[in-house]
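**Q**
Numbering (the numbering used here), first residue to last: 2 to 61.
1) Using 10 angstroms around the beta-carbon of residue 17, count the other beta-carbons present and answer buried if the total reaches 16, otherwise exposed.
2) With a CB to CB cut of under 8 Å and the five nearest residues on each side skipped, what residues in its chain are close to residue 23?
3) Three-state secondary structure (DSSP) at residue 34?
4) Buried or exposed for residue 33, going by 16 or more other Cβ atoms inside 10 Å?
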């Protein structure tokens, strides 16, 4: 494996790790934020799945 492809792989792993952390943070934040609770309830009423709502909230 070349140095460039190792760096690329590390970049992908770090990006995945950060994305995962944002999603976990969003799930935690729903309990404490009025805005996040309202966002979750609005999308849940539209019939969207839990995981989809959390992901969209994480990258809002």
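Glycine included, every Cβ here is placed at the ideal spot set by N, Cα and C.
**A** Short version:
1) In the chain shown, counting from the first residue as 1, residue 17 sits at position 16. Classification for residue 17: exposed.
2) Translated into positions along the chain shown, residue 23 becomes position 22. Cβ within range, chain order: 59 and 60.
3) Here residue 34 refers to the residue found at position 33 of the chain shown. Of the three classes helix, strand and coil, the one that applies to residue 34 here is coil, per DSSP.
4) Stepping through the chain shown from its first residue, residue 33 is reached at position 32. Exposed.
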